[in-house]
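Anchor point for the sequence shown: position 160 equals 551 in my numbering, and the numbering is continuous, going up by one each time.
In what follows, a single structure is set out as structure tokens and then discussed.
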Amino acid sequence: MSLQQSSCSKSIPDNMGSSNHRKECSNRTSDFGDPLLEEISRQLNQKISDLQDENVIQRAALNELALINATLVARCRSLELENTGLWNEIFKMKGPTFPNEITDIFIDFLHNNRRTLASCALVCKSWLARSRYHHFSSLSFKESSSTRQTLLRELMIHPLLVSLRLINFDQTTICTTSWDRFWSNKPFLEGIKRVHTQKSKMPLNPMFLSQKLPNLNSLQCAASKDVQVFAPDQGFLHPFTEFLSTRLPDTWKRVTLTLPASTTRFGVKDWFSLQRVGPPDNVQVHLNLCQIREEDLPVLAECFRYLGSSLYLLYIHFLNDTSQVLFHQMNILSRNTGLQHINIFGPFYFDVKRNQYLQSLKNAPGLLASIPGHSLRQITLTFVIGDFSNTTAPVVPLSMQDGLCASIDDILSPAGPSGPDSSPSQSSQVHSRFPCLEEVGFSVYTAKSDYAVQVTSDLISRAESMVQEHFPRLHASGKLICRTNLD
């Protein structure tokens, strides 16, 4: 009993001590925490107060903006009403417009830029018709078919048909009955100024040209096929025959005729069967002749004689040396006094391995001397470089090469021959063979197939330097120009 009491008496003070300890600790915590909490509470209250003030300000600003917005909306509606009224007044006004002559100048200035021209049609409705004249000026026909004929019938009633001035026929047979609607549209045909045919069958007899295409001023025939003309006694003839055997309309200004390369079956003889009537003097004939053989020259002589002064541009490619010699010996170009541009392919072959010209160089002086020089403005000579050392093609001896080049230089130079044996008085009395000559161009090409050489910048520079060295007087005149198509 006494022991339990003693134990109890001892436990009571312990519990009391623990309570006092907790109270003491609590008092110490309270002493340290009150200022900090008060500061935090004060700052939070301040921020809340600031946010409340800012909220009041923003509400006031929003109310002000709402008022401004309402005012602007009302103003915009008022402006829309005014604008609608103004547009209604503008639509009622005819107003000032550009004269048609000024509009035509604008459109003509832009006629090469199809995209801008199309935009012009969108800018002003009245410009549309003027733009169509350039934007829809040409039409091409390729290979006849049932679908093509259906489209052709629809085309003949299309409103844009009045804008066409150029017709291209590419591998097309246009002399069949299915084309009757095309050739019977007289207003359409009267507007055609130019016709180009490429491997096409087209009736080009005199009656057809004068009746169907009265305002035509340019005809280009390239590798055309045989055509059936209306004259019963002539049968099948080439269109070049019909062109050269008729008196062309006086409105014609330019004609381009391109002959394909001669073969065993088809040569120049087969392409020309001429009557003794030539084209009018105001026609410019552009003639391209490829791979001329010696057997072609007699009929060619007749062709050039009939062309006379109407021959304006000539590209001629000789098949061999014999054809070159006979060409200038026959003096075929003697009557072509209106010739202004000539491109000769044949005499100038240079062997880069042997560093010498081929034998064909001997033909160059005679060919150049046979060209009528009164009107000639441009001469282009094709300069072919290659490796001909493995062939039997003879070369010009070095002892003759300088003399031949000097002879060519004398013919092409603007002031006649000169040299150690010529005196100043003699030089002044000799006039240039080509008084109107503006340019002598050497077009540098490389030989093909077995004779080809590797094209380098050094090779091109060498060819250009060689031309300038071999023809020094022509080079000094400033009329010598070297061109190259080498890659």
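Even for Gly, the Cβ is constructed at its ideal location relative to N, Cα and C.
Cα-Cα separation between residue 739 and residue 779, rounded to whole angstroms
13 Å
Touch check for the stretch 782 to 791 and the stretch 754 to 761: three-plus C-beta pairs under 8 Å?
no
Is it buried or exposed, residue 489, if we count other Cβ atoms within 10 angstroms and call 16 or more buried?
exposed
Only counting the same chain, and skipping five residues up and downstream in sequence, which positions put a Cβ closer than 6 Å to that of residue 547?
572 and 576
When you compare each of 557, 715, 427 and 863 to residue 529 by their alpha carbons, which one comes out closest?
Per the Cα distances, 557.
Check whether the stretch 725 to 737 and the stretch 685 to 694 are in contact - that is, three or more C-beta pairs closer than 8 Å.
The stretch 725 to 737 makes no contact with the stretch 685 to 694, as fewer than three CB pairs between them are under 8 Å.
Reducing DSSP to helix, strand and coil, say where residue 739 ends up.
strand
Just curious, the alpha helix (DSSP H) that residue 847 is in, first and last residue?
That residue, residue 847, is in no alpha helix (DSSP H); it is neither H nor E in DSSP.
Starting from the Cα of residue 583, find the closest Cα among 562, 561 and 609 and give me that residue.
609
Applying the criterion that 16 or more other CB atoms from any shown protein chain within 10 Å of the CB defines a buried residue, is residue 521 buried or exposed?
buried
In three-state terms, what does DSSP make of residue 750?
helix
Nearest chain C C-beta to residue 861 closer than 8 Å, yes or no?
No chain C appears in this structure, which consists of one protein chain only.
Around the Cβ of residue 465, are there at least 16 other Cβ atoms within 10 angstroms (buried) or fewer (exposed)?
With fewer than 16 other Cβ atoms within 10 Å, it is exposed.
Helix, strand or coil: how does DSSP classify residue 835 here?
strand
Integer Cβ distance of residue 503 from residue 531, believed to fall under 8 Å
Not a contact, Cβ separation roughly 19 Å.
Every unbroken alpha helix (DSSP H) inside the stretch 487 to 569 [4 residues or more]:
Segments of the alpha helix (DSSP H) lying fully in the stretch 487 to 569: 491 to 500, 505 to 514, 519 to 526 and 537 to 546.
Just to confirm before moving on: does the CB-CB distance between residue 850 and residue 844 stay below 8 Å?
yes
With 16 other CB atoms within 10 Å as the buried threshold, where does residue 476 fall?
exposed
Taking 8 Å as the threshold (C-beta atoms), are residue 494 and residue 501 in contact?
no
Is the beta carbon of residue 718 closer than 8 Å to that of residue 736?
The beta carbons of residue 736 and residue 718 sit no closer together than 8 Å.
Using a 10 Å radius around the Cβ and a threshold of 16 neighbouring Cβ atoms, would you call residue 563 buried or exposed?
buried
Are the CB atoms of residue 732 and residue 675 within a distance shorter than 8 Å?
Not a contact, by the Cβ cut-off of 8 Å.
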